Structure formats: structure tokens, C-alpha cells
Amino acid sequence: MASQTRKIVRTARRRSALSTNFSFTESMIPAAHGAAAAYRQQAWQHFQRLPMPATSDEAWRRTDLRRLDPARFHLPTLEEAAALPPVPETLLQPLVDAEHGGQMVFTAAGVRTSLATDIAAQGVVFVDLATAERAYPEILEKIRGQVVRPEEGKFAALSAALAHQGVLIYVPRNVQVAAPLHSILWGAGQNLACFSHVLVYLEEGAALTYVHEWASPEDAELLHAGTVELHVGPNAHLRYVELQSWGQRTWNFTHERARVLRNGKLDWIFGLLGSRLTKTFADLDLVEDGAEGRMSGFSFTNDSQHLDYDTQQNHLAPHTTSDLLFKTALEDRSRSVWQGMIYVAPGAQKTDGYQANRNLLLSRQARADSIPGLEILADDVRCTHGATAGKVDPDQLFYLRSRGIPEKEAERLIVEGFFTPVMDRIPFAGVRARFEQAIQEKMH
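Counting in this note's numbering, the sequence shown runs from 1 upward without gaps.
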């Protein structure tokens with residue numbers, strides 16, 4: 001069954017200073033052959049044709065790009081890449097188990113990959129995108145452009161055409177990958193661009209835990225456009241963790257979608273800490289009977305950060321289940337936007353869909369917009385949603401301070417308690433510890 005198509009709604013256009021100029025050219029498309037070359041070329045044509053997102057588009061109404069000058073960003077030269085700072089050692093440490101089953105590290109200078117021999121012997125593919133185009137074209141064609149289409153948006157097309165930093169993971173039928181795989185995209189430098197594409201394909205009965213990170217130094221000024229395509233086959237189970245720790249001068253745009261087949265299961269975890277501005281589309285397509293998906297997100301914003309997440313839980317078959325919980329704490333003048341939709345297709349009876357977005361405002365200037373939605377075209381379903389935004393409870397703060405806890409520390413404890421329900425959904429101590437450290441750093 002085909003994926004649910006996003007609706008594009010445009011309102012009356014307003015005059016603005018939105019820049020539509022990019023420095024990228026067709027000559028920058030990575031060399032490829034056959035279907036890979038055709039895919040990239042077609043994506044480039046979509047990029048040239050599609051308009052720059054504007055606040056006149058309903059999906060972008062709360063995210064204004066007029067401060068973005070895309071012409072300032074360029075792909076790094078060899079000399080620039082060689083001079084960039086290395087990946088911090090802390091990012092290379094395992095977040096799930098004591099050891100990685102495999103790790104892939106992307107920098108502007110290239111990629112290095114390791115994969116345990118016992119995992120490779122099971123037929124698992126864990127390669128960068130250039131290697132996938134050359135050595136695994138049949139697997140690549142199963143998923144690339146099949147889950148996220150380049151024409152879905154200007155940044156989706158840009159990522160599809162120019163992605164240099166991409167990963168393909170393929171797990172054969174009934175293979176249970178015991179140790180987690182881990183990839184890191186490290187961006188650094190000034191006025192540089194990076195484009196990524198994550199592709200994960202699990203055959204029937206396969207199982208995998210995979211952690212992907214995007215990160216950069218605080219002073220890095222970057223433009224990132226990324227695509228994530230996940231395919232979970234029948235009776236397969238994917239645990240996918242994505243952590244975004246871009247520095248606060250990075251513009252970040254991603255189009256992401258998971259497709260889950262009969263009795264497949266997806267645990268999708270989002271950790272959102274960085275960037276100047278993020279706009280992410282994250283869709284969960286439950287396309288066959290018994291498919292399940294859980295989406296758990298946590299974010300902490302400060303300064304003038306702007307994070308905009310647009311999620312869709314698409315129930316396209318009967319007896320499917322989705323469960324979304326996103327929590328955000330906001331300091332200073334930061335802003336979060338969450339737009340969520342549960343869609344139930346005609347005939348998708350016995351659907352169970354849930355979504356909740358909770359926000360904690362830690363300053364008077366912080367702002368959280370929550371827009372839940374339901375579109376139900378079947379009559380035997382259970383779907384609920386909720387959204388809240390509130391301040392620190394003064395009674396809780398008074399209670400902690402009356403026991404000798406300083407105000408800032410008391411507020412930090414309240415914030416940690418606020419995140420407990422979503423942290424309890426994340427069975428990875430390393431991921432939780434990374435987020436707790438970020439809370440301490442942001443609330444210093």
C-alpha cells in the first residue's frame with residue numbers, strides 16, 4: 001500500500017525578503033551510474049523546480065526562513081576539510097551497550113567504517129552511500145526514494161541530489177543483530193553545507209538497534225539538509241535513535257519517514273538539543289495489519305533556538321497501533337513548534353492511535369505552539385490526542401527550596417522530573433545520560 005501523501009496547503013502570499021539563491025550547481029552531484037545517477041539527477045530537477053518554503057505554506061507558517069541566506073553556504077574544499085576540528089572523543093563512545101557492533105563516522109574529509117566480523121558474516125550491510133551505489137545497487141533501489149520522495153520539498157530534493165554523507169543498512173531475513181550500530185555526522189567550519197541520507201532496510205523477522213547522531217561545535221555555521229528512510233519488514237523490529245546536537249548557528253532541515261509492514265514494530269526516539277533553526281517532517285506509515293510504531297521525543301531549547309517538528313501517524317491498514325509522546329522544555333527566547341496528525345485511512349478498522357505533546361516554559365519570553373490533529377475515515381477506532389504548555393509549578397519550587405535546595409538546582413530537578421515519562425520510554429542509559437548532561441549545561 002502506498003504511503004500517505006502529505007497535503008500541501010498554501011495561503012495568500014505576502015511580500016518578504018526570502019532568499020531563494022543557492023550556491024550549489026549540478027556539477028556538485030556525486031558521480032554515480034545507472035539508477036543511482038538517474039535518481040540524483042531527477043532529484044536535482046525537483047530541487048530546481050520547487051519553490052523555497054515560505055510562511056504562506058501551511059506547513060511552514062510558524063517557521064520563517066527570511067534570515068537564512070542559502071547563498072552563503074558552500075561545500076567544503078579539500079583544504080577546508082583538512083583543517084576542520086576532529087570529532088570529539090565523547091561522541092565516539094557507545095550509547096546503548098558496552099560496545100558497538102559497527103560504527104561509521106562522517107566528516108568533511110571523508111568516512112571511516114567498522115563492522116564486527118560476526119555481524120558481517122550474517123549478511124548485514126553497513127556501508128556509506130558511495131559504496132552502496134557502487135556495490136549494492138539492488139538493495140539501494142529497494143528503499144531510496146521509495147519511502148521519502150525527493151519531490152516532497154525543496155530541502156528533500158537537495159538532500160537526495162547532493163548527499164555525500166549517507167549510510168545504507170540492510171539486515172537479511174530473520175537476522176537478529178545483537179550489538180547496536182552507530183553512525184555520526186560531524187559538521188564543523190564556517191558557512192559550510194552538508195547533505196545526508198540515512199537508509200535502513202529490515203527484511204522479514206529481522207531485528208536491529210541503530211543510533212544516528214548529527215553534531216557540530218557551537219561556533220560552526222552550517223546548513224544541513226537530510227533525508228531518513230526506514231523500512232521495517234513483516235515481523236521485524238527496529239529501534240532507531242536519532243540525536244541532534246548541532247551548534248546553535250546551524251540551519252537544519254530533514255524529511256524522515258518510516259514504513260512498517262505486517263506485525264512489524266518500530267521504536268523511534270528523537271533527541272533534539274541543538275541548531276539555530278530546525279524544521280523536520282517525521283512520518284510513521286503503518287501500511288499492513290498489525291504494524292506498530294512508537295515515537296518518543298525530548299528537546300530542550302534556549303537562547304533564540306527555533307525547533308519545528310511536523311509529525312504524522314498514518315494508519316493505512318486495520319489493527320495498527322501508534323503512540324507518540326514529545327516533551328520540550330524552553331528557556332530564554334526560544335520557541336518550539338509541534339504539529340501532529342493522526343490519519344486513519346478508510347477501512348483501517350481497529351486502529352489505536354495516541355499522541356501527546358507537553359511543554360514546560362522556563363521563561364516569560366519562551367513560546368511553545370502545539371497543534372494536534374485527527375483525520376479519521378474509519379468508524380471502529382480509538383484515537384486520542386493532547387497538548388499542554390505550562391510553567392514551573394511554584395508549589396513544587398517552594399517545596400524544594402524549603403528543604404535547602406538552591407533555586408536553580410530546584411528548577412533543574414523539576415525539569416528532570418518533567419522529562420521522566422519520556423525518559424522511561426528510552427531503554428538506553430547512555431542516551432538518557434547524554435540528555436541529562438545537556439540539561440545541566442543549558443541550565444548553568
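Glycine residues also receive a C-beta, built at the ideal position from the N, C-alpha and C atoms.
Everything numeric in this text was worked out from a predicted model, so none of it was measured.
Straight-line Cα distance separating residue j from residue i
i: P76; j: P51; result: 25 angstroms
i: Q176; j: D283; result: 25 angstroms
i: N174; j: E203; result: 7 angstroms
i: D97; j: P172; result: 22 angstroms
i: V232; j: V147; result: 11 angstroms
i: S363; j: L330; result: 7 angstroms
i: F47; j: Q440; result: 40 angstroms
i: Q355; j: T63; result: 22 angstroms
i: A108; j: S56; result: 35 angstroms
i: R40; j: A160; result: 6 angstroms
i: L168; j: T90; result: 24 angstroms
i: W60; j: Q305; result: 16 angstroms
i: H33; j: P137; result: 10 angstroms
i: E58; j: Q122; result: 46 angstroms
i: G205; j: A120; result: 18 angstroms
i: E242; j: G340; result: 19 angstroms
i: L162; j: Y399; result: 54 angstroms
i: T11; j: A54; result: Because the pLDDT at T11 is just 39, under 50, the model does not fix this residue reliably, and the point stays unresolved.
Residue i (DSSP reduced to helix, strand or coil)
i: M295; result: strand
i: V124; result: coil
i: W268; result: strand
i: R358; result: strand
i: E221; result: strand
i: R112; result: strand
i: S334; result: coil
i: Q48; result: helix
i: E133; result: helix
i: L67; result: The residue you asked about is not Leu; residue 67 is Arg in the sequence shown. Coil.
i: F22; result: coil
i: A429; result: helix
i: E213; result: strand
i: A206; result: coil
i: Q248; result: coil
i: D57; result: strand
i: L316; result: coil
i: G34; result: helix
i: T77; result: coil
i: S363; result: coil
Sequence-distant residues of the same chain with beta carbon closer than 6 angstroms to residue i, five excluded per side
i: A291; result: V260, G264, T320
i: N21; result: A71
i: G226; result: S159, S196, T254
i: D323; result: R294, Y354
i: V111; result: D128
i: F106; result: Q165, L185
Residues near residue i by beta carbon distance below 7 angstroms, same chain, minus five either side
i: K442; result: F300, N302, E331
i: F435; result: G271, F298
i: S370; result: W338, N357, N359, A387, A389
i: G247; result: S216, P217, E218, D219, A220, G274
i: P86; result: none
Closest Cα partner of residue i within the set the options
i: H378; options: G187, G386, R367, D352; result: Looking at the sequence provided, one finds Ala at residue 378 rather than His. For A378, the nearest C-alpha among the options comes from D352.
i: T113; options: A36, S183, I269; result: S183
i: R333; options: V415, A368, A345; result: A368
i: E151; options: F73, Q244, V415, W44; result: W44
Cβ of residue i within 7 angstroms of any chain D Cβ
i: V287; result: Included in the structure is just one protein chain, with no chain D present.
**Study point:** Ordered list of beta strand (DSSP E) runs contained in the region 375-402, each at least 3 residues
**Key:** 381-391
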